[in-house]
Every structure is written in C-alpha cells, then in structure tokens.
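Report on the structure given below.
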Amino acid sequence: MNTGILSFEFEWYLRDYFFRVNNRNGEDFESIFDNNEICSYMKDNYLKYKNWKLEEITKLFNTAIYDLHDRNVLIVKKDIGKVILKSRFVRKQCTNCYYINYLSSSESMNCHRCKSDNLKDFPPRK
Ligand SMILES: [Zn+2]
C-alpha cells in the first residue's frame, strides 16, 4: 500500500476520533488534544492500528496534523505537543459514492473521495 492511501485512511480515523470525543456525553467542546495521547489511543482503540508500532502511528500522525493545519481544520502547537481543533466535526454520507465523511465546519462541505457536495447526515435523521 502506498503512503498516499495510508495517509488518507489515517486521516479518516483521526477525524473519527475527534468526532467521537465531541459527540459523547456533555456539551463542552473539547478542542485541545495531546499528540502522544492521541497516538496511544489510536493504537489501543482502532483494530486497524493495533499491531502497528507507536513510532509508525506517530509518523503518519505528524503528516496528518500538518495537512489538517494547512486546511484550516486545526492548529498545530508544536512547542507543547498539542493540537487545537477549530470546530466540531459533523458526519456526512456522500449520496454519490456513499463514503462516510467527517467534516469540520471550517472546511468546505465536499466528499473527500469524489468531491461531490451532495452530502446527507449519517446516520440519516428519522
Ligand atoms: Zn463521494
């Protein structure tokens, strides 16, 4: 698998994590995350990364956060080893390719896989 696909997948899991943290009990928006804690969490809680070395996860993580920083999703605080989210994430399914997207409200509402802007809430509201 090439690094492009690895990074794309990793970013999806990272967004999934941020989404979950801010969609469990309580109303407070949790925006500050410790980089080492995120990497350990990814290894311990996502089956996909269970057998990975922490250094491998950290490497992908470091690429992902600078990419997300450039795309206005979060701020990288290198000196303190933390990232700060700019806003919550919403979960949307693309009606074109069915991909599940986690989007920050500070970025454009387009599918990350096919770029379609035809997105609906996931799971659908009853
Ligand atoms: Zn799509």
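In the numbering used here, the protein residues as written are 2 to 127. The beta-carbon is built from N, C-alpha and C at its ideal position, and this holds for glycine as well. Just so it is clear, the structure is predicted and the values come from calculations on it, not from any experiment.
1) For V22, which of helix, strand or coil comes out of DSSP?
2) Thinking C-alpha only, which one of K116, F123, Y99 and C40 is nearest E56?
3) Comparing alpha-carbon positions, which option in P124, Y99 and S106 lies nearest C112?
4) So the candidates are F123, F11, V84 and N97; which of them puts its Cα closest to the Cα of D35?
5) Check whether the Cβ atoms of N23 and L69 lie closer than 9 Å to each other.
6) From the DSSP output, in three-state form, read off K93 for me.
7) Give me the pocket residues for ligand 1, defined as CB within less than 5 Å of any heavy atom, sorted by chain position.
8) Roughly how many angstroms separate the alpha carbons of I76 and S109, rounded to a whole number?
Judging by the given coordinates:
1) helix
2) Among K116, F123, Y99 and C40, the Cα nearest to that of E56 belongs to C40.
3) Y99
4) The residue from F123, F11, V84 and N97 with its alpha-carbon nearest to that of D35 is V84.
5) no
6) strand
7) C95, N97, C98, Y100, C112, R114, C115 and S117
8) 17 Å
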